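Under the UniProt record's numbering, residue 297 is the last one in the sequence shown; the count climbs by one each step, no gaps.
No residue lacks a Cβ here, since even glycine has one placed at the ideal position from N, Cα and C.
Bear in mind the structure is a predicted one, so any value in this text is a computation, not a measurement.
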Amino acid sequence: MNINHLEAFCTVAQVKSISEAARILHMSQSSLSYQIQLLEKDLDVELFTRTTKGVELTEMGEIVYEYGQTFLQLAENLRRDLDNWKSGQEHLIVGASSSIGSYALPCTIYSFKEKYPDANVKLLVGNREETIQKLLDKTIDIGLIEGPVDQPGLATRGVTEDELLLIVPAGWQGQESITLEELCRLPLILREEGSGTRQVIARALAEHGLGIANLNVVLELNSNDAIKSAITAGHGVSLLSRLATRREIHNGSLKALQVKGISFRSTFTIVYPAGKPATNLQKKFFRFLLANKKAFC
1 MNINHLEAFC
11 TVAQVKSISE
21 AARILHMSQS
31 SLSYQIQLLE
41 KDLDVELFTR
51 TTKGVELTEM
61 GEIVYEYGQT
71 FLQLAENLRR
81 DLDNWKSGQE
91 HLIVGASSSI
101 GSYALPCTIY
111 SFKEKYPDAN
121 VKLLVGNREE
131 TIQKLLDKTI
141 DIGLIEGPVD
151 QPGLATRGVT
161 EDELLLIVPA
171 GWQGQESITL
181 EELCRLPLIL
191 REEGSGTRQV
201 IARALAEHGL
211 GIANLNVVLE
221 LNSNDAIKSA
231 ITAGHGVSLL
241 SRLATRREIH
251 NGSLKALQVK
261 GISFRSTFTI
271 VYPAGKPATN
281 LQKKFFRFLL
291 ANKKAFC
């Protein structure tokens, strides 16, 4: 199988258009069509059907596309690792859930690069499920997320802990702590499905025989900053990471309450491919995280 033919196929599959894919790949439509034909001949399957709007994957095309994306990413990783070896400079792609990636890891990576100035570290921030999927797709080397992971092919290691606090507007006139029953009546703004923060909340509620459905959810937003803005505007309250709200709590723009009788604690977890030998740079980063809890500054 020719990797260039596979790349051409995946590009067409993504944009669903021969002409658009040809433009992206800087080649003629006839050359691109010929590469697709060669791949179909090589695999002995039909990959596309033509429609009035362009092309659509066949059932076999869907299978080839799924494997093709992984194959191309592996090829890219191979090139990167070989380039690292030739140049003597290593690269590390770290994925992280938004609470960790937006508030803890930038400082961590800065401190790590002070110790290892030749290290090239790239950070990709998404929610928990997106980070796990990136690991499975091999588009990142390691991930940092909240909570445990039970996923075949992935290994984990706990690093440190955080907790969720009930974040309310600065002008809150109520008590400094509330009961779980009172929490269920408050207008809550929550993170989206798939986020680590939401999973921590769901897991803690489950220990008390409750679920997200028992809460008075008035908004769902996919950004901690958006939630903090909504709280400031008086649209509700939320359960957010201490790490993600410490600046606002310190400067008094938001206020934190405790919820009595329930713990919304979470573990920061390193997630990485099981059975895959770690590079020297990955080993250094692991050691830095595990030996230096203050790296999450």
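Helix, strand or coil at residue i according to DSSP, with G and I counted as helix
i, result
"Lys255", "strand"
"Lys16", "coil"
"Phe264", "coil"
"Leu221", "strand"
"Thr245", "helix"
"His235", "coil"
"Thr269", "strand"
"Leu210", "coil"
"Leu240", "strand"
"Leu92", "strand"
Contact test: residue i Cβ vs the ligand PLP heavy atom, cutoff 7 angstroms
i, result
"Gln151", "With respect to the ligand PLP, the structure shown offers nothing to examine, as it has no ligands at all."
Contact belief for residue i with residue j at Cβ below 8 angstroms, rounded distance in angstroms
i, j, result
"Gly169", "Lys255", "A quick correction: the sequence has Pro, not Gly, at residue 169. Between Lys255 and Pro169 the Cβ distance is about 7 angstroms, and since that is below 8 angstroms, they are a contact."
"Ala244", "Asn224", "5 angstroms"
"Asp141", "Gln73", "Asp141 to Gln73, Cβ: 12 angstroms. No contact."
"Ile167", "Ser263", "Between Ser263 and Ile167 the Cβ distance is about 17 angstroms, and since that is not below 8 angstroms, they are no contact."
"Ile109", "Val121", "5 angstroms"
"Leu39", "Gln282", "So it is not a contact: roughly 34 angstroms between Cβ atoms."
"Gly153", "Ala233", "The Cβ separation is near 43 angstroms, so there is no contact."
Residue i vs residue j beta-carbon contact at 8 angstroms
i, j, result
"Gln89", "Asp44", "no"
"Ile270", "Phe286", "yes"
"Leu165", "Arg242", "yes"
"Gly143", "Thr160", "no"
"Thr51", "Thr58", "no"
"Leu257", "Ile178", "yes"
"Gly261", "Leu210", "no"
"Gln14", "Ala22", "no"
Residue environment, residue i, which counts as buried when at least 16 other CB atoms sit within 10 Å
i, result
"Leu135", "buried"
"Arg185", "exposed"
"Asn127", "buried"
"Ser266", "buried"
"Arg247", "exposed"
"Glu146", "buried"
"Ile3", "exposed"
"Arg198", "buried"
"Asp162", "buried"
"Gly95", "buried"
"Ser97", "buried"
"Tyr67", "exposed"
Taking the runs of the beta strand (DSSP E) that are 3 residues or longer, which of them lie wholly in the stretch 155-207?
-> Within the stretch 155-207, the complete beta strand (DSSP E) segments of 3 residues or longer fall at 177-179 and 187-191, listed in chain order.
Can you list, in chain order, the stretches of the alpha helix (DSSP H) that have 4 or more residues and sit fully within the UniProt domain "HTH lysR-type" (1-58)?
-> Qualifying alpha helix (DSSP H) stretches, in chain order: 3-15, 18-25 and 29-43.
Those runs of the alpha helix (DSSP H) which lie wholly inside the stretch 95-153 and span at least 4 residues | Complete alpha helix (DSSP H) runs here, min 4: 98-103, 105-115 and 128-136.
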